[in-house]
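**Q** Protein chains in written order, with the numbering used here: chain A, 156 to 804; chain E, 38 to 185.
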């Protein structure tokens, strides 16, 4: 900027002086004929005057901002033009114009109005003296010449005033616009340093640059920018700047600056080359990245922690996109599939894990994609005898859109085998309880058969004997019912066949079985059964569930006002069974634990705490649900829901 | 005076043939279908023997026995336990609660009468000749004697 202004000032001064030189020379040479004896001086004067301006042309622009040069030129021109006027002699009209030109020069180039007034006064006096020397003041038109002296003074003052006013306005406008840009520069949130020339000296810096580097402005200006970098990073900084200097344009790099106390401050440097005329500037903009770096570090740490956690988990975990593409896997996945991380990432999960061309049936991910909820399902791995439980959890971005899904695979083959064993042993245990219950049930009618036969043998009245036979028949039929039930029961205890189970039949037989083993078998049982679809299941397992629920209901009842409500109903795709009682209820603190294994409130020998847990396991195996509602003191209702698959029945 | 027997049994068939057999044998037979009804009968009449089932609605045999044995009026009445719960533990429990005899179901007429004879063989004295206070005094002794 400064340089540009100096250049302009130089141009103005040179062109004005050229004008003065040309006019002066012309006027002097015009009178050449009348002053032949000193004609050689006139030529010398013109040449000398031209030469002065030629010399000025070669002076550096910066010199023209120097006031001393300006004053020197002013005095020099006053002297030279006065000399010119002296040489031109007696040419009365010419000298007046010369003086007037001189005034214009002074007014144009002057910056100081008071000085102009003084100089104008001196010129007016010199002019008056010249007029006196030439004897013009004493001539007939002496008054006319004398008037020229104040005229010159007033004109130069007036002209100077106009020029000054004009310049001031210009300057003011310039100051306003410069102030605006300076404010923008100063108050930028980014640190800005302006470097000058190929030495990369700091010429300007803003407030933020001061703050970030902790240097004072005055300390930095005129120093090279490299003082702002740590010694071992200066080459790098130089390399950046040189590249920008050579290729132009700009670049952004991350390189810490050094504060005054030697500590580094993390910044992003944007370096740009700016060419202004012949001058080259470099604009270095930087932003404080310390907090950003800390954040980045935390993010990296968190990422590492998460990876460590994921890899530490023995179950397989994958992150997949909503189009089944694997985004990330943990170590367990890599080990299981004997593959590399890069080979797995990017593939579809069903291709990579199960060699399928379509998503797996019953895939929980498909459910999660539709419902945006976590889901889980149990899959038998095609081709292998393994069983997996697969969980899927959606991950949403801040806008709530699902961006990825975590899939968690658990190999539950062993667990399932153990569970099957547990259920089987529980079925056998149930059979044991049943056998003792049954012997009781059979012994009563059996006593009837024996007793009735005995009295029949001693009776003569055929009518009475007929009545005894009826009783014997009844008892026999009751025994038949029981043994029939027992045989079907013992069968289901041993096999694991999946058949279409009639829920009502299963519930009724479970009720009978439960009644045989409980003390208060006479409790009223209310049944509200709706016809429902059959479900595909192992009858023995379903009976086991019902038996546990009904037995619990009987056991919960105290006193003789007990009532058990059994209901069966259905909805579109499920069958609901409710087993309710008006017994003692379950304390709310126990409600959460009742499905836990070995949780029992019964005394040792009365219960193992496995009944409800086994019921829960069986129900979840059939993808059903079990819920409980209970009020302490007023009763408990268990609701079991089994899904009915379409295409069944 | 005929000896009075109370049959407490929820199974109607058993009550029926027992009544026929015992009536023929010369006993006066009363019936109750559960423990509570038995208590009512015991409040109204005096009995020489109670034949009691265990598994019954409302009040089962165990509770009934406890009540009989804790009431001064009835503690000396011998009890024959008649039950389909024929595990050894049930038999021991029956004798612990003061049963005089235990008959597992199913049973024959012979088993029943053998049991009754066991009782009345030891309790030959007609009960109605003993006044309340005497019955009261000898209560513990007789119960202990009843034990095997």
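Yeah, the Cβ is synthetic: ideal placement off N, Cα and C, and Gly gets one too.
#1: Given that a residue counts as buried once 16 or more other Cβ atoms are within 10 Å of its Cβ, and exposed if not, what is residue 311 of chain A?
#2: Could you tell me which residues DSSP pairs with residue 770 of chain A in its beta bridges?
#3: Might you give, ordered along the chain, the residues of its own chain that have their beta carbon closer than 6 Å to the beta carbon of residue 317 of chain A, omitting 5 neighbours on each side?
#4: So, is residue 167 of chain A buried or exposed, given that buried needs 16 or more other C-beta atoms within 10 angstroms?
#5: What whole-angstrom Cβ distance do residue 95 of chain E and residue 72 of chain E have, given they're in contact under 8 Å?
#6: With respect to the beta strand (DSSP E) encompassing residue 67 of chain E, which residues constitute its N-terminal and C-terminal limits?
#7: Can you list the residues of chain E that residue 672 of chain A reaches, using a CB-CB cut of under 9 Å?
#8: So, helix, strand or coil for residue 82 of chain E, using DSSP?
#9: Counting only the same chain and skipping the five closest in sequence on each side, list residues whose C-beta sits under 7 Å from that of residue 47 of chain E.
#10: In angstroms with no decimal places, state the Cα-to-Cα distance between residue 550 of chain A and residue 560 of chain A.
#11: Relative to the C-alpha of residue 38 of chain E, which residue among E:57, E:65 and E:142 is closest?
#12: Which parts of the region 297–360 of chain A are runs of the alpha helix (DSSP H), unbroken and 4 residues or longer, counting only runs that do not cross its ends?
#13: Start and end of the alpha helix (DSSP H) containing residue 790 of chain A?
#14: Determine the extent of the beta strand (DSSP E) in which residue 784 of chain A is found, giving its start and end residues.
#15: I need the straight-line Cα distance from residue 534 of chain A to residue 509 of chain A, nearest angstrom please.
#16: Tell me which residue opens and which closes the alpha helix (DSSP H) that residue 129 of chain E is part of.
#17: Nearest CA to the CA of residue 581 of chain A: which residue from A:774, A:770, A:791 and A:210?
#18: Can you give me the Cβ contacts of residue 798 of chain A inside the same chain, cut-off strictly under 7 Å, excluding the 5 residues immediately before and after it?
#19: Based on the DSSP output, what are the partners of residue 121 of chain E in its beta bridges?
#20: Using a C-beta cutoff of 7 Å, does residue 603 of chain A count as contacting chain E?
#21: Looking at chain A, is there any beta carbon in it that lies within less than 7 Å of the beta carbon of residue 134 of chain E?
#22: Would you say residue 144 of chain E reaches chain A, if we count a Cβ-Cβ gap shorter than 7 Å as a contact?
#23: If we define contact as Cβ-Cβ less than 7 Å, is residue 51 of chain E a contact residue for chain A?
#24: So for residue 170 of chain E, helix, strand or coil by DSSP?
#25: Helix, strand or coil: which one does DSSP assign to residue 188 of chain A?
#26: How many angstroms separate the CA atom of residue 83 of chain E from the CA atom of residue 664 of chain A?
#27: Taking C-alpha atoms, which residue in A:603, A:618 and A:652 lies nearest to residue 632 of chain A?
#28: Output the distance between the C-alpha atoms of residue 592 of chain A and residue 529 of chain A, rounded to the nearest integer angstrom.
#29: Please classify residue 386 of chain A as buried or exposed, where buried requires at least 16 other C-beta atoms within 10 Å of its C-beta.
#30: Give the residues of chain A in contact with residue 36 of chain E, contact being defined as C-beta atoms less than 7 Å apart.
#31: Residue 390 of chain A by DSSP, collapsed to three states: which one?
#32: Residue 652 of chain A to residue 698 of chain A, Cα distance in whole Å?
#33: Check whether the Cβ of residue 599 of chain A lies closer than 7 Å to any Cβ atom in chain E.
#34: Could you tell me whether the Cβ of residue 167 of chain E comes closer than 7 Å to any Cβ of chain A?
#35: Taking the beta carbon of residue 479 of chain A as the centre, do at least 16 other beta carbons fall within 10 Å, making it buried, or is it exposed?
#36: Helix, strand or coil: which one does DSSP assign to residue 687 of chain A?
**A** So, to answer that:
#1: buried
#2: Residue 770 of chain A is not bridged to any residue.
#3: none
#4: exposed
#5: 6 Å
#6: 65–69
#7: Residues of chain E passing the Cβ test: none, with the nearest at roughly 11 Å.
#8: coil
#9: 70, 71, 90, 93 and 94
#10: 6 Å
#11: E:65
#12: 297–341
#13: Counting along the chain, residue 790 of chain A falls outside any alpha helix (DSSP H), though it belongs to the beta strand (DSSP E) covering 790–798.
#14: 780–786
#15: 11 Å
#16: 125–133
#17: A:770
#18: 728, 729, 778 and 779
#19: DSSP, once it has assigned bridges, lists no residue as partnering residue 121 of chain E.
#20: yes
#21: no
#22: yes
#23: yes
#24: Unreliable placement is indicated for residue 170 of chain E, whose pLDDT of 43 sits below 50; the coordinate value is still reported in the next sentence. Helix, per DSSP.
#25: In this prediction, residue 188 of chain A scores a pLDDT of 49, lower than 50, which makes its location untrustworthy; the coordinate-derived value is nonetheless stated afterwards. Helix.
#26: 43 Å
#27: A:603
#28: 45 Å
#29: exposed
#30: Residue 36 of chain E lies beyond the residue range present for chain E, which begins at 38 and ends at 185; the question has no answer from this structure.
#31: helix
#32: 13 Å
#33: yes
#34: Residue placement at residue 167 of chain E cannot be trusted, given a pLDDT of 40 that sits under 50; the coordinates are not used to answer.
#35: buried
#36: coil
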